[in-house]
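Residue numbers (the numbering used here): 26 to 732.
The structure under discussion appears below in the form of structure tokens.
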Amino acid sequence: MKSMNIAASGELIPRLSTHRNVVALDSTDFTDVAAVVITTADSRSGILALLKRTGFHLPVFMLADEPVSAPVGVTAVIGGNAQEWLELENAASRYEAELLPPFYDTLTQYVDMGNSTFACPGHQHGEFFRKHPAGRHFYDFFGENLFRADMCNADVKLGDLLIHEGSAKHAQKFAAKVFNADKTYFVLNGTSAANKVVTNALLTRGDLVLFDRNNHKSNHHGALIQAGATPVYLEAARNPFGFIGGIDAHCFDETYLRDQIRDVMPESADALRPFRLAIIQLGTYDGTIYNARQVVDKIGHLCDYILFDSAWVGYEQFINMMADTSPLRLELNENDPGIFVTQSVHKQQAGFSQTSQIHKKDNHIRGQARFCPHKRLNNAFMLHASTSPFYPLFAALDVNAKIHEGESGRRLWAECVALGIDARKAILARCKLLQPFIPLVVDGKPWQAYPTETIASNRRFFSFEPGAKWHGFEGYADDQYFVDPCKLLLTTPGIDADSGRYTEFGIPATILAHYLRENEKCDLNSILFLLTPAESEEKLARLVAMLAQFERHIEDDTPLADVLPTVFQKYPVRYRDYTLRELCQEMHNLYVSFDVKDLQKAMFRKESLPHVAMNPQDANSAFIRGDVELVRISEAGGRIAAEGALPYPPGVLCVVPGEIWGGAAQRYFLALEEGINLLPGFSPELQGVYSETDADGIQRLYGYVLK
């Protein structure tokens, strides 16, 4: 590894005796230095507090011409003799040696050895690519180290990623310590695979699974289709803006749950712990955060295990206002459920795409019959893991844990929260139509009137107060849910927040999303931007400026060709002479005509969930055998779905295999079909439902149903 720099006061740089590059204190963020040298005056200027706040634990030396005592935070006082320069170098070398986490450290050392190989992968450190112009371009684009780090899993020096030995094991143990888990497993094919690992390790045919209807499709795949477990669904909220909310408070009542069991498996209704597993979204895609302590206290005694699908969080324990909601911070005893937590590290933590991790917290039930031992979980892990892992993915998970260790992780997320609060304040100041999804007033004062540090330290500034008009969610209890401060949620015009009804004019969020092209997700009159420690004031200022510019386009009724040139150029005849407001009005009218907001809400309410005709696993088996037919969704009413149907994002099934098409779900997809034909260029991605063009050139939606 290239030697890191020394940071020093500008006046000291000429005096330092070191082979390392020396940079000025005011020109570094301290991520590229291995030691710091300051003056006595510097020690009184706040630099020591700044260095402590980084959480990097850098060695700090104070160069003084006269004998002085070392202030708190200073490693040693030096005068500049040869022995002291050696001590500085030794301290910097120790810092470098201890900086990198276990697996990544081993990987970098191994790559530096430059070994030749006759094993897979066949590109042999990129040499195969370099023998063709296209391959050479590919190699040069990504850089040499990526190809050298992509090496054969048969080399034992890096440990084994499937049976967890060597540096791979050390990396996962380190991550478990950082995230407060008993064991941690790194997963290289996403949380879709992580969820399947957990559900395949715990569930079999005949088991009951308590199932959040908001769950990502991977939980349906693992728990219901692969394992064949029987679900008891928990109804969940949607608000008029299209945001995904939480499970109703009444669903956590034991009497209610046992009544639901009687409907699907009456012989288990009075069992001590009827549920082998409960699967709950710790945070929804749209930033509704649960309190894990409340969940465990209310339903934990009914469940062997609870899986908190934390794909959209995972950082909560590093943020002060959120930390006590984390399942990994819970104090548990032998009567509590075992806990699994899956996290999509690549979503808002520091990881390459597809990086995920499983946290296991169940030592408190070790020795009980319901305990899931490592070997059983690892059997499921190996069902879903490749025998040819891509080591840079694993290394990224290792480094992510190191970044989050100690004060550095808490500082990074505190800065992220503060930037998000300031961005919301800027939007409130500059925009009239696009509004942050937060309480308008807190304790009688406007939300934005409070200091940023006050907002960042208290959940009441993000809390869903039951019945409050601003959020429009129903069925919540006090202190049950709050908005994730790291999800920047905005609403667009079209909904009267006081009544929940449509207004005369609206701006569907997909139009704003096409203008910005940098959001994470949009739906109906809501749009989501993910915030991470990667953000900067400048980046968020650009976003606010673009939002304000979009509002000016609305006010000026700018020609559509100028606002959405890509859409206009692709469909010039359809949108000839259109203005932005005309497009907004037409799409808004479509929403109103189908009452899409109420259809979306109804799809997740118990009284309007599709009727379950058969076990999802059996429906999937029929699909695999070909005992199905493809029919138009308009004609699918009363037929049993062979395949799950959903729009993506968010990847939440509206119809589950084995359920009967009809009602709100069928009308919702027909509304989407109408939009696909009426407003080309704004078609959603649909899975389990297929668009085909008929003889008249009209696109029709189809789905597979059982014969």
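Glycine included, every Cβ here is placed at the ideal spot set by N, Cα and C.
Small disclaimer: the values here were computed from a predicted structure and weren't measured.
- In the DSSP assignment, proline 417 falls within the unbroken alpha helix (DSSP H) covering 416 to 429.
- With respect to the 8 Å criterion, arginine 455 and phenylalanine 343 are not classified as neighbours on the basis of their beta carbons.
- Pairing threonine 516 with leucine 537 gives a Cβ-Cβ distance that is not under 8 Å.
- By the neighbour-count criterion, in which 16 or more other beta carbons inside 10 Å mark a residue as buried, methionine 407 falls on the exposed side.
- Taking every protein chain shown into account, the CB of proline 471 has fewer than 16 other CB atoms within 10 angstroms, so this residue is exposed.
- Sorting Pro417, Gly363, Phe204, Met290 by C-alpha distance to the C-alpha of leucine 213 places Pro417 at the top.
- For secondary structure counted as the beta strand (DSSP E) over 3 or more consecutive residues, the stretch 92 to 141 holds these complete runs in sequence order: 101 to 103.
- By a beta-carbon distance limit of 8 Å, alanine 638 contacts glutamate 684. Their separation comes to about 7 Å.
- For glutamate 478 and arginine 263, the gap between their C-alpha atoms comes out near 31 Å.
- Here valine 370 carries a helix assignment [DSSP, helix/strand/coil].
- As summarised for the stretch 318 to 384, the continuous alpha helix (DSSP H) elements at least 4 residues long and confined to that stretch are 370 to 373, given in chain order.
- Here proline 256 is bridged, per DSSP, to Val234.
- Scanning the stretch 29 to 104 for uninterrupted alpha helix (DSSP H) segments of 4 residues or longer gives 72 to 79, listed from N- to C-terminal end.
- At the C-beta level, glutamate 545 and leucine 555 come within 8 Å of one another.
- Assignment of leucine 302 by DSSP, reduced to helix, strand and coil, places it in the strand class.
- Boundaries for threonine 209: no alpha helix (DSSP H) harbours it, while the beta strand (DSSP E) harbouring it runs 208 to 212, taken from the DSSP string.
- When secondary structure is reduced to three states using DSSP, glutamate 190 falls in the strand class.
- For proline 265, the CB contacts under 6 Å within the same chain, skipping 5 residues up- and downstream, are Gly497, Ile520, Gly525, Lys622 in chain order.
- Sequence-distant partners of phenylalanine 154 (beyond 5 residues in either direction) whose C-beta falls short of 8 Å from its own C-beta, in its chain, are His148, Gly160, Arg161, Phe163, Tyr164, Phe172.
- Shown here for leucine 282: not one same chain residue has a beta carbon closer than 6 Å to its own, the five before and five after excluded.
- CA-CA distance, glutamine 134 to serine 482, rounds to 42 Å.
- Glutamate 710 is a Cβ neighbour of proline 672, given a cutoff of 8 Å.
- Rounded to the nearest whole angstrom, the CA to CA distance from valine 102 to tyrosine 120 is 18 Å.
- Scanning Glu654, Pro674, Glu660, Pro675 for the CA closest to the CA of glutamate 668 turns up Glu654.
- Annotated three-state conformation of arginine 173 is helix, per DSSP.
- Note that the C-beta distance between leucine 75 and valine 61 is not below 8 Å.
- Looking at Asp51, Lys194, Ile188, Asp57, the one whose alpha-carbon comes closest to that of arginine 401 is Ile188.
- Counting the other CB atoms within 10 Å of its CB gives phenylalanine 487 a total of 16 or more, which places it among the buried residues.
- Non-local C-beta neighbours of leucine 605 in its own chain, meaning closer than 7 Å and more than five positions away in sequence, comprise His578, Ile579, Asp582, Thr583, Leu585, Val588, ordered along the chain.
- Exposure of leucine 297 is indicated by the presence of fewer than 16 other C-beta atoms within 10 angstroms of its C-beta.
- Distances from the CA of phenylalanine 694 to each of Ala122, Tyr501, Ala522, Val714 were compared; the closest alpha carbon is that of Val714.
- Considering only Ser68, Gln691, Ala474, Asn404, the residue with the shortest C-alpha distance to valine 85 is Ser68.
- Unbroken beta strand (DSSP E) runs of no fewer than 3 residues, entirely contained in the stretch 542 to 577, are found at 546 to 548, 551 to 555, following chain order.
- In the structure shown, the three-state DSSP call for arginine 599 is coil.
- Going by beta carbons, glycine 247 and threonine 224 fall inside the 8 Å limit.
- For alanine 720, no alpha helix (DSSP H) run applies, since DSSP gives it neither H nor E.
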